[in-house]
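As C-alpha cells, the structure follows; a few thoughts come after it.
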Amino acid sequence: MPKPRILLAFDKRVRDRYVDDEQLARLEKYADWDWFECEGGGIYEAPGDDSEYGKAFADKIGGYDGLIVCHGAPRLSPTVLDSASSLKIVGELEGDRFAARIDLDACWKRGIRTVDTTNASSYPVAEWALGLILISLRNIGTQFRRMINGDPRDRDLKPYRGVLRGRRVGLIGCGNMGRRLISYLKPFDVEIWVHDPYLPREMADALDFLQTSFENVLTKCDVIVCLAPLTPGTRGMIGKKEIDMIPPGTAFVNVSRGAIVDSDALIERLKKNDITAGLEVWDPEPVPEDSEIRNLSNAFVTPHSSAMRPEGEINEFFEMMVDEFDRFFAGHETKYDLTPRSQANRTAEDS
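Residue numbers (the working numbering): 59 to 409.
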C-alpha cells in the first residue's frame with residue numbers, strides 16, 4: 059500500500075527548533091512528508107483562511123492524509139477543511155494554544171482525529187515541581203540567603219516542614235503534568251489529593267489518589283501545587299480569600315501560570331512568614347525589579363525557565379508527534395487526543 063502523505067505546516071523557527079533529521083528519518087519509514095513554510099499570527103492567533111498563507115494552505119492541503127501544525131500555520135477552518143478531502147488526522151505540536159490553529163468541532167464533524175503533544179513541555183516542568191516541593195518544605199530560600207550572607211547556622215527556619223515522606227500533597231489540576239508529577243511523588247510514600255473537575259472519575263483509582271474539592275486541597279494539605287491551565291475560569295482563581303485559607307506551615311508551589319494566583323495577596327501572606335512558596339511563574343512576567351517577592355526569603359522564585367533546553371538540544375514535541383502518527387497509521391489508538399473534555403478544560407466550559 060502507498061505510504062500516507064503528511065504535511066508539516068509551521069514557520070522556520072519551529073522547523074529549526076523542533077524538527078531534527080533523526081525524527082524525520084523515523085517519519086519517512088512510514089510516510090511521505092512535505093513542509094509548508096508559513097508565517098504570521100502569534101501564540102494566541104493564526105492567519106485566517108482569507109490571508110495569503112490561508113489561501114495557499116487551502117490549495118496545498120488537498121492530497122494529504124495527515125497534518126502537523128505549529129506557530130505560523132494558518133487556522134484550520136471549515137473552509138480549509140473543505141479542501142482537505144483525504145485528511146484523517148491533525149496534530150498540534152504545542153497544543154497549549156490549539157484553539158488558535160484548529161477548529162476542533164469542524165474536524166470532529168468530518169471524522170478527523172485531533173491530537174497534541176503539549177505534554178512534551180509538561181514533563182520537565184513536572185520534574186521542577188518536585189524540586190520546588192522539596193525546596194519549599196525545607197525553606198531553602200531562607201537557608202540559601204543566610205549561607206551567602208555569612209550568617210551562622212540557625213535552626214530557627216520557620217516555616218519549615220522538612221521531609222516530604224508521609225506528607226499530604228494536594229494538586230490543583232491534573233493534566234499531563236500532574237499525572238507525571240504523581241509518578242515522581244510515589245516513591246516518597248505521600249498521600250495525594252487532587253482537585254480537577256475535568257478528570258474522568260476512574261482516573262483516581264487508576265493512579266491511586268483521592269479526588270476532592272478545591273477547598274479541601276487548600277485547607278487540608280501539607281503541600282499545595284498549582285498545575286491548572288490558564289483559562290477564563292482559572293484566571294485569579296487563587297485570590298486573597300483562598301490564600302488566607304491555607305494553613306500555617308504549608309508549602310505552596312505554582313508551576314502553571316502566574317495569573318491564576320493573586321500576586322499581591324500571595325506577597326501579603328508570605329510577609330507573615332507562616333508559609334513557604336516555590337514559584338516558577340509570576341504575574342506579571344518578568345518579575346518586576348521592585349516586586350517585594352524578590353526579597354522574601356520564604357519564597358524561592360525561578361524565571362519560568364523549567365522547560366528550557368540547552369542550546370542546540372531538540373525537545374520532544376516532534377518526536378512524540380512522530381510516535382503518535384505512527385500509532386495512528388498502523389491502526390493503533392492514539393495517546394494524546396484532543397477531545398470535547400480537553401476542549402472544555404481549556405475554555406473553562408462545562409465538560
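The beta carbon of each residue, even a glycine, is placed where N, CA and C say it ideally should be.
CB-CB under 8 Å to Lys-61, same chain, minus the five flanking residues each way: which ones, in chain order?
Tyr-88, Ala-89 and Asp-90
Report buried or exposed for Ile-206, applying the criterion of at least 16 other Cβ atoms within 10 angstroms of its Cβ.
exposed
Enumerate in chain order the residues of its own chain whose CB-to-CB distance from Phe-246 is below 7 Å, with the five nearest sequence positions on each side excluded.
Leu-222 and Arg-223
Buried or exposed: which applies to Met-366, given that a residue is buried once 16 or more other Cβ atoms fall within 10 Å of its Cβ?
exposed
Within this structure, are the beta carbons of Ala-357 and Val-283 separated by less than 8 Å?
No, they are not a contact pair.
Use the C-beta contact count for His-390: other C-beta atoms within 10 angstroms, 16 or more gives buried, fewer gives exposed.
exposed
Following the continuous alpha helix (DSSP H) through Cys-165, name the residue where it begins and the one where it ends.
162 to 167
Does the distance from the C-beta atom of Asp-123 to that of Leu-396 stay below 8 Å?
It is not a contact, given that the beta carbons lie outside the stated cut-off.
Quick check on Leu-268: does DSSP put it in helix, strand or coil?
strand
Measuring only the C-alpha atoms, how far is Leu-257 from Cys-232?
7 Å
Once DSSP output is grouped into helix, strand and coil, what is the label at Ile-333?
When DSSP states are grouped into helix, strand and coil, Ile-333 belongs to the coil group.
DSSP three-state call for Asp-408: helix, strand or coil?
Reliability of the predicted coordinates at Asp-408 is poor, the pLDDT of 49 falling under 50, and no value is obtained from them.
Rounded to whole angstroms, what is the Cα-Cα separation between Glu-150 and Ser-135?
14 Å
State the Cα-Cα distance for the pair Asp-381 and Asp-320, rounded to the nearest angstrom.
39 Å
For Glu-80, which of helix, strand or coil comes out of DSSP?
helix
Roughly how many whole angstroms lie between the Cα atoms of Ser-409 and Pro-217?
In this prediction, Ser-409 scores a pLDDT of 40, lower than 50, which makes its location untrustworthy; the coordinate-derived value is nonetheless stated afterwards. Here the alpha carbons of Pro-217 and Ser-409 stand approximately 39 Å from one another.
Taking only the alpha-carbon atoms, compute the straight-line gap between Ser-400 and Pro-255 and give it to the nearest angstrom.
Cα-Cα distance, rounded: 11 Å.
With DSSP run on the structure shown, which of helix, strand or coil describes Leu-285?
coil
May I ask you to list the residues that DSSP assigns as paired with Asp-174?
Glu-150
What number of angstroms, rounded off, separates the C-alpha of Pro-398 from the C-alpha of Glu-369?
37 Å
Which residue wins for smallest C-alpha separation from Asp-92, given the options Gly-98, Ser-143, Leu-82 and Ile-101?
Leu-82
Less than 8 Å separating the beta-carbons of Gly-307 and Asp-332?
yes
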